[in-house]
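Peer 1: Mind looking over this structure? Questions follow.
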C-alpha cells in the first residue's frame, strides 16, 4: 500500500512525449541513469547504486529515454520528503511533465508552469495545482497524503476492518 504519484506530459487526454533532452541533461548532471530492474520497470541508478532520498531507497521509476514509446515515470511509495519533492519538482520541470495524483484533489500538479491550462484534462473536478517550487509541490499533495496515512494506519492497526456491526449482534462462532 503506497501513496503514489506519476509524471507525464499531456495534451488534454493524450499522452505526449516530454522533453527527452531536458530529462537526459537533468540525469547526467546528477550522475544518474535509467536502469532495468528485476520487476520489469526501470529505476534510477548512480555511482552509489539505486537512487535514495533521505538515506532510503526509492521506487521512483522512469521509462528508458531511448524507448520508442512515450516517457512516463512515477513513485509507487512516495514519502513527500524535502529531498524527494525537490527531485520530483526539478525532474518534472526539466522534462516538462506534470504530476498526476491518483489519490485526487488535486488530480494534477503543474510544476514551473510547464503546461498551459488548456492542456490539462478535464477530470470533472477542476482540481489543478500550479506550483513554483518543491515546497509548493509538497503542500499541494500533503492534504491527500495525510488522509492516506490515517487510512493506512487504520488498516494496519485493524481498528476499522470495514465490517459494520449492528448493535446487539452476536459475533460469528458464539
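Residue numbers (the UniProt record's numbering): 1 to 174. Virtual Cβ for every residue (Gly too), placed ideally from N, Cα, C.
1. Output yes or no for whether 7 angstroms exceeds the beta carbon distance between residue 77 and residue 111.
2. Determine the contact status of residue 140 and residue 93, defining contact as a CB-CB distance below 7 angstroms.
3. Counting only runs that start and end within the region 5–64, where is the alpha helix (DSSP H) found for 4 or more residues in a row?
4. Based on DSSP bridge pairs, tell me the residues matched to residue 75.
5. One question on the structure: do residue 121 and residue 19 come within less than 7 angstroms of each other, judged by their Cβ atoms?
6. From which residue to which residue does the alpha helix (DSSP H) around residue 80 run?
7. Could you round the C-beta distance between residue 177 and residue 34 to whole angstroms and report it? I think they count as a contact, below 8 angstroms.
Peer 2: Checking against the coordinates, here is how it stands:
1. Walking along the chain shown from the start, residue 77 turns up at place 77. Walking along the chain shown from the start, residue 111 turns up at place 111. Contact: no.
2. Position 140 of the chain shown holds residue 140. Position 93 of the chain shown holds residue 93. No, the pair does not count as a contact, with Cβ atoms beyond the cut-off.
3. Counting only runs of 4 or more, we get 20–29.
4. Indexing the chain shown from 1 puts residue 75 at position 75. Partner(s): 5, 60.
5. Position 121 of the chain shown, counted from the start, is the residue given in the question as residue 121. Position 19 of the chain shown, counted from the start, is the residue given in the question as residue 19. No, Cβ-Cβ distance for residue 121 and residue 19 is not below 7 angstroms.
6. One-based indexing of the chain shown puts residue 80 at position 80. Under the DSSP assignment, residue 80 falls outside any alpha helix (DSSP H); it carries neither an H nor an E label.
7. Residue numbering for the chain in the displayed model covers 1 to 174; residue 177 lies beyond these limits and cannot be assessed.
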